[in-house]
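Asker: Residue numbers (our numbering): 1 to 285.
I'd like to ask you about the structure that follows.
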C-alpha cells in the first residue's frame, strides 16, 4: 500500500526542485518551521538575529488604553505614531531597567536562556518585528504561530492613576500581535490579544513567569506569495500606571505552514477553475 505524500513533504519536493529561495541574510519559512529561541545572542550579543528589528513608536503611556481606564486611549494599532529603529540591543539580566533600545534578556547568565526583551518608556510602545520570506515555493493563505512571553518582573503603581481599574497593573499586558503582507496595511490578530486574567486565551498576569502561546492559526486575508515577505510585529504598550513597565521577553517563536492551509493554497485555485469549467459544460446546449 502506498503512503500518501504529506503536504509538508510536497513542499519539500518543491524546494528540492529549486522552487525555494536560496539561503541569504534573510529569515525564511520553508517546508520546515521557522524557529527562533534567541540563544544565538549569547550573554553579550547586541545585534538581533537575522530578520529581526526593534522599533519604538512615538507617543506616551496614554496613547493606548482601554475605554474603561481613567484616561482612555486607543486600541493598540500601527498607525498611532512614527517608528524609530532602535539599535544596538542592551545585553544583560532582567532587572528594573527601562530603555527603548530592546534587550537581550535572561534570568540567568546562561547562553541558553535568552530572549528578545522590551521595556518601553517615554513612548507609546516598543515593537519587535520579524520579516520572514516565503521560501516554501507555495502561495500561503495562513500560518501557524506560537511563542512564549516571558514575564521578568511584576508591575507596580508608580505613576498614579489611582482611580483606574488598572491601578498597579498593565492595562494592555503582554504583546499584541500584528501582521502585514505589504509593510503598509497592518492587521491585529484578535485571537492573540492578551488578557490579565481568564480561563482561556493568552493570559499575561502581572507576575513573574512564562505565558506559553500555543500554535494559533493566523489567516492572512490574502495570498502570501512565494518569494515575498510577511512581517509580524509584537507590540509592547507603555503602561499608564506602572513604571518601569513589567519587563517582557519574546522567546521560542515558531512559524509553520498549516497542512490544511497549504493544501488550499496549492490546489484551491485549480479546484475552483475546474468547478467553473464543469458548470459551463453542464450549461452548454
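Using N, Cα and C, we set each Cβ at its ideal position, and we do this for glycine too.
Since we're looking at a predicted model, the values are computed, not measured.
Any idea if residue 218 is buried or exposed, counting beta-carbon neighbours within 10 angstroms, 16 or more meaning buried?
Answerer: Buried, by the Cβ-count rule.
Asker: Under DSSP, the beta strand (DSSP E) around residue 93 begins and ends at which residues?
Answerer: Per DSSP, residue 93 belongs to no beta strand (DSSP E) and is neither H nor E.
Asker: Does the beta-carbon of residue 85 have 16 or more other beta-carbons within 10 angstroms, so that it is buried, or is it exposed?
Answerer: The residue in question, residue 85, is exposed, as its Cβ has fewer than 16 Cβ neighbours within 10 Å.
Asker: Compare the Cα-Cα distances from residue 90 to each of 29, 62 and 119 and report the closest residue.
Answerer: It is 119 whose Cα lies nearest to the Cα of residue 90.
Asker: Given a cut-off of 7 Å, decide if residue 232 and residue 289 are closer than it, judged by their beta-carbon atoms.
Answerer: Coverage of the chain is limited to positions 1 through 285, which leaves residue 289 absent and any answer about it impossible.
Asker: Cα separation between residue 235 and residue 177?
Answerer: Approximately 6 Å, taken between the alpha carbons.
Asker: Can you find the residues in the same chain that come closer than 8 Å, C-beta to C-beta, to residue 122, ignoring five residues on each side of it along the sequence?
Answerer: If we look at residue 122 and ignore the five residues flanking it on each side, its Cβ neighbours are 60, 100 and 238.
Asker: Secondary structure at residue 247, three-state DSSP: helix, strand or coil?
Answerer: Of the three classes helix, strand and coil, the one that applies to residue 247 here is coil, per DSSP.
Asker: Since residue 153 is in the beta strand (DSSP E), which residue starts that stretch and which ends it?
Answerer: Element bounds for residue 153: n/a, residue is neither H nor E.
Asker: From 256, 214, 41 and 184, pick the residue whose C-alpha is nearest to that of residue 106; which is it?
Answerer: Here the closest residue by C-alpha is 41.
Asker: Tell me, please, whether the stretch 131-146 touches the stretch 211-231 by the rule of three or more beta-carbon pairs shorter than 8 Å.
Answerer: Contact holds: three or more Cβ-Cβ distances are below 8 Å.
Asker: Entirely within the stretch 204-231 and at least 3 residues each: give me those beta strand (DSSP E) ranges in chain order.
Answerer: Correct list: 209-224.
Asker: Just verifying my parser: in three-state terms, what is the DSSP assignment at residue 110?
Answerer: Of the three classes helix, strand and coil, the one that applies to residue 110 here is coil, per DSSP.
Asker: Tell me the residue span of the beta strand (DSSP E) that contains residue 57.
Answerer: That run of the beta strand (DSSP E) goes 52-57.
Asker: Whole angstroms are fine: how far does the CA of residue 254 sit from the CA of residue 186?
Answerer: Rounded to whole angstroms, residue 186 to residue 254 spans 20 Å at the Cα level.
Asker: Alpha carbon to alpha carbon, how far is residue 111 from residue 50? Give it in angstroms, no decimals.
Answerer: Distance between the alpha carbons of residue 50 and residue 111: 18 Å.
Asker: Measure the C-alpha to C-alpha separation of residue 153 and residue 249 and round it to an integer number of angstroms.
Answerer: Approximately 11 Å, taken between the alpha carbons.
Asker: Going residue by residue through the stretch 122-200, where are the continuous beta strand (DSSP E) segments of at least 3 residues, counting only ones entirely within it?
Answerer: List check, beta strand (DSSP E) in window: 125-134, 140-151 and 176-180.
Asker: So residue 151 packs on residue 210, CB below 8 Å; how close in whole Å?
Answerer: That pair is a contact at about 7 Å.
Asker: Whose CA, out of 117, 257 and 77, lies closest to the CA of residue 143?
Answerer: Closest option to residue 143, Cα to Cα, is 257.
Asker: Take residue 193 as the anchor and find which of 207, 213 and 102 has the nearest alpha-carbon.
Answerer: Ranking the options by Cα distance to residue 193, first place goes to 213.
Asker: Where do the ends of the beta strand (DSSP E) carrying residue 117 lie?
Answerer: Residue 117 -> beta strand (DSSP E) spans 115-119.
Asker: Looking at the structure shown, is residue 237 part of a helix, part of a strand, or coil, going by DSSP?
Answerer: Note: residue 237 maps to strand in three-state DSSP.
Asker: For residue 69 versus residue 167, is the C-beta spacing smaller than 7 Å?
Answerer: No, they are not a contact pair.
Asker: Just the Cα atoms here: how many angstroms apart are residue 47 and residue 251?
Answerer: Looking at the two C-alpha atoms, the distance is approximately 16 Å.
Asker: When DSSP labels each residue in this structure, what does residue 99 get in the three-state scheme?
Answerer: Here residue 99 sits in strand by DSSP.
Asker: Only counting the same chain, and skipping five residues up and downstream in sequence, which positions put a Cβ closer than 6 Å to that of residue 173?
Answerer: The answer, listed in chain order, is 194, 196 and 204.
Asker: Would you mind sorting residue 136 into buried or exposed? The rule is 16 or more other CB atoms within 10 Å of its CB.
Answerer: Buried: at least 16 other Cβ atoms inside 10 Å.
Asker: Could you give the residue range of the beta strand (DSSP E) that holds residue 85?
Answerer: Unbroken beta strand (DSSP E) run through residue 85: 83-85.
Asker: Cα-Cα, which of 64, 116 and 141 is closest to residue 43?
Answerer: Looking at the Cα atoms, 116 is the closest of the given residues.
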